[in-house]
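First to last, the sequence lines map onto chains A and B. Here the first sequence stands for residues 48 to 246, where the numbers follow our numbering. Here the second sequence stands for residues -16 to 599, where the numbers follow our numbering. Here is the structure we will look at, set down as structure tokens.
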Amino acid sequence: MKNVKRLIMVAVGGQGNLLASKILGEAALAAGVPVRMSEIHGMAQRGGVVESAIVFGDAKSTIISDGEADIFLSFEPSEALRAIKKCNPNTVVITNLSPLPPFTVATGKGVYPEMETIKSVFREKTKKLIAFDATVLAKEAGNDLTVNMVLLGALIQTGVLPISADQIKEAIKARIKPQLAEINIKAFDLGFQEAAKAA
Amino acid sequence: MHKLLTDNPGQKMLLLGNEAIARGAIEAGVAFTSTYPGTPSSEISYNFFRMSKESDLYFEYSTNEKVALEVAAAAATAGVRSMCVMKHVGMNVAADALMTLAYTGVNAGMVLLTADDPFMFSSQNEQDNRYYGKLSGLPVIEPSSVEEAKAMMPYAFELSEKLGEPVIFRTTTRINHSNAIVELGNLVQRKTKGEFKKDPFSYVCVPAVSRKLHVKLLANIEKAEALSDSSPYNFIEGSGDFGVICNGVSYSYVSDAISDLGAEGKVKILRIGFSNPMPAGMIKKFVSECKKVLIVEEGEPFMEEAIKAFAQEEGLTVKIAGKAKDLFSRLYEYDPAMVRKTLAEYFGFAYNAPALIDTANTPEVPNRPPNLCAGCSHRATFYAVKKATEGMKVMIPSDIGCYTLGFLPPLSMADYVLCMGASTSTSCGFSKVTDNKVISFVGDSTFFHSGMSGLINAVFNNHDFTLVILDNRVTAMTGHQPNPGVDMKELGLDGYGQIDIESVVKALGVKHVSVIKPYNVKKSIEAIKEAVAFKGVSVIIAKEKCILYAKNLKQAKGNKFQVSDKCKNHRECLNNFACPAFYLDGDRVRINENLCTGCAVCAQLCPEKAIVPVKG
């Protein structure tokens, strides 16, 4: 299927993955692009992983099998590695580099992988890696919680998805309270610019 | 206004499957709704709850699924369209009422929604509830997409009225928790008042009446067979010598696979959306026109068994397969790649597997298991029970809720978990046949749901165990739904009662009852020691509002804490309490201020008193 684009987004509960998905979905609706999404967040409120799959274009499935992501976005570096099976050698990968170590690491039951290793794995195995600290840019935008918007900015900049920056900004304005929308749009722009540097 | 009450037919909205289902019911004129919360069904009810505050829609969170089904059945029997929502395992609780409700039938549309959970994203098993349709003799409707979930809801209500029977509407997690663009339809006026016409020979199920009603049910099943055969939701698509019969989300994977494989013109699809009774005529004709048939259904071989039987009746020898060693499994979910591969291999189509990434040499990723939240009072209670029973041989039956996560080390506070309410009743058995001290846990909502009956049993039969009721003042696991112990005024809602658990437990005849505040560690340990020493049934009620719920209500208070220089690195906090707000900074334990809720439990258990409030 030529015009189908598949996006996987992974994050830790509380990072705003589902809001980012909703905004992408609303932007697709406004743009007239068919969209279907699936989310798994069973016990994520208790510190688990949140994964969303978004399929743009003429497909009926709402989930994405291993190796079938055209674009892959991770809100947290170790979570990128955990979900790497969704990628193939042609996948464009974006990841936040700011770690949120799971509690197993805090208690010494697990080891957090080296950041350089994570980056080199994706550089070696996928088409393109855009990796930066989205948390720093979210702070710069004025709110730590806008990491999701920074990453949306980078996602749209790649041009893989049939959605424009303006369409996303309209969706942000429709979804987010006016007093916060401006900060979120600023975060989106910062992420967009950062990804452009990586191009 | 609630978005699902929008009266603008033709408008397109991005909706979650569960929102689409709720909207479909509203478009069908549902007036009476009930539930016991359970993922993946929870958002359907939550939307009814919110809409009920802004309209004449009636909604209630019932004590359990059986009660929910019974109240909804009464409404539909009196002529008001009703809907009852539950997760798959909830049907087991409601089943007692369901079997006989199928005999009496209803006088207005009634839909019983069951949200099944293949892969058990948040469930204790992956039972396939289509069999409840077969067992009860009721029709089963299954959508394949979010759009269809909305569209089929008015159909289900009409079908229910045509047959005078409740209709089972079966979804799976991937319908409930998918989002898609849905076009709104017309809203209709709800009929909120009905009338019950006395007719004891139709509604009072004594044996003489039921013997007659079973005959009526069988006649209804025959009527339903004809309706299934002509249902627009059982349809044939495409053309070719090969046939695929599929249902639910599998239909999406099959459609995509045929297009991906370029197999248009080679494979036709029979999509089953009305799956009990199966459309016999349609299937017989379809199979007779195929050289080979593949059945693509998640879960159990429900359709496969029926289809093979139909083929036998017709004397057809065409190969029919579904669940088999090299084909589909009865385990877990299907996905598009698996369906594509199996379809290609079964029919002999050329197939290129997608290029996968070799992950052999990628570093291991540390697990991120779900965890009791920072500041969760259950963690404090578990810690206190552990301290109070140090050196004792204890056995711990637990129950269904957030607190099930207490099974994880270092707390390790669950040895046996079966189903809602089973901790109290299994404690009776375990205490009778083992020499261990049995200490069981149940949540507040679970206690009301079905934990109470086990406790009554324990008092009557004079069992010997300690029950800890983890009363966090809300149904937390599924997203903070109210239960009979909740103060609804805090939510700005009047006109509700409130049940006090302590009074209930005392009224049930428990002789040793204590209430603890789990954030007070020393007092809690003392009270638990006393209860554990008591011979007979003792109950401890650990009462502290869920910290996330308290935050939502803007009631959370408490200073944040930090680890001071007095810390001698005993790590009692990290090794035995393990609040997720702790982390290691080099070899020093620190507290993440963003996560700390100020419950102060760690400060009390630190042997050096090294954990102190953050100043300022």
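Built from N, CA and C at the ideal position, the CB exists for glycine as well.
Distances from the alpha-carbon of B:Val250 to those of B:Leu326, B:Ser185, B:Leu310 put B:Leu326 closest. Neighbourhood of B:Lys(-5) in chain A, by CB distance below 8 Å: Leu76, in chain order.
By the CB criterion at 8 Å, B:Gly(-7) and B:Leu167 fall inside the cutoff. Taking 8 Å as the cut-off, the Cβ atoms of B:Lys267 and B:Phe225 do not count as close.
The Cβ of B:Asp382 sits no closer than 8 Å to any Cβ of chain A. Secondary structure of B:Val425 (DSSP, three-state): strand. Close CB contacts of A:Met56 within its chain, under the 6 Å cut and outside five residues either way in sequence, are with Asn64, Ser99, Leu120 (chain order). Comparing alpha carbon positions, the residue from B:Ser17, B:Thr18, B:Lys(-14), B:Asp382 closest to B:Ala3 is B:Lys(-14). With a 10 Å radius around the Cβ and a threshold of 16 neighbouring Cβ atoms, B:Val493 comes out buried. Under a criterion of Cβ atoms nearer than 7 Å, no residue of chain B is adjacent to A:Glu217; the nearest Cβ is some 14 Å distant. B:Asp568 is bridged by DSSP to B:Arg571. By the criterion of a C-beta distance shorter than 6 Å, B:Asp398 is surrounded in its chain by Met378, Ile379, once the five residues flanking it on both sides are discounted.
For A:Pro136, at least one C-beta of chain B is nearer than 8 Å to its own C-beta. The criterion of a C-beta distance shorter than 8 Å is satisfied by B:Gly12 and B:Arg173.
Per DSSP, B:Ser406 is not a residue of any beta strand (DSSP E); the alpha helix (DSSP H) it occupies stretches across 405 to 416. Here B:His71 is buried: its Cβ has 16 or more other Cβ atoms, across all protein chains shown, within 10 Å. Looking at B:Pro183, B:Arg351, B:Ile158, the one whose alpha-carbon comes closest to that of B:Glu316 is B:Ile158. Residues of the stretch 329 to 352 of chain B with a Cβ closer than 9 Å to any Cβ of chain A, in chain order: Ala336, Pro337, Ala338, Leu339, Ile340, Asp341, Thr342, Asn344, Thr345, Pro346, Glu347, Val348, Pro349, Asn350, Arg351, Pro352. Taking A:Gly61 as reference, the option from B:Glu555, B:Leu588, B:Leu531 with the minimal CA-CA separation is B:Leu531.
Of the candidates A:Ile232, A:Ala153, A:Leu184, the residue whose Cα lies closest to the Cα of B:Pro352 is A:Ala153. Rounded to the nearest angstrom, the Cβ distance from B:Ala357 to B:Cys550 is 19 Å, too far for a contact under 8 Å.
Counting only the Cα atoms, A:Val207 lies some 57 Å from B:Thr87. Annotation: Cβ neighbours of B:Tyr236 in chain A (cutoff 7 Å, chain order): Ser108.
Closest in C-alpha terms to B:Val597, from the list B:Ala564, B:Glu43, B:Asn559, B:Val546, comes B:Val546.
Judged by DSSP secondary structure, A:Gln240 falls within the alpha helix (DSSP H) whose first and last residues are 225 to 245.
Rounded to the nearest whole angstrom, the CA to CA distance from B:Val457 to B:Ser271 is 56 Å. Contact with chain B is found for A:Thr151, since one of that chain's Cβ atoms lies less than 8 Å from the residue's Cβ.
Proximity of the stretch 66 to 84 of chain A to the stretch 161 to 179 of chain A falls short of the contact definition, fewer than three beta-carbon pairs being nearer than 8 Å. What B:Leu567 touches in chain A, judged by beta-carbon distance under 7 Å, is Ala153, Gly155, going in chain order. Taking 8 Å as the threshold, the shortest C-beta distance from B:Pro137 to chain A does not fall below it. With a threshold of 8 Å between beta carbons, B:His160 makes contact with chain A.
When CB distances to chain A are screened at a threshold of 7 Å, the residues of the stretch 147 to 177 of chain B falling below it are Arg157, His160, Ser161, Asn162, Ala163, Ile164, in chain order. Using a Cβ distance threshold of 8 Å, A:Phe179 and A:Leu144 count as a contacting pair. Nearest to B:Val522 by C-alpha distance, out of B:Met435, B:Tyr479, B:Leu474, B:Ser106, is B:Met435. Listed by position along chain A, the residues whose Cβ is nearer than 8 Å to that of B:Leu(-13) form an empty set, because the closest Cβ is around 15 Å away.
Taken atom to atom, the span from the alpha-carbon of A:Ile141 to that of B:Ile340 is near 16 Å.
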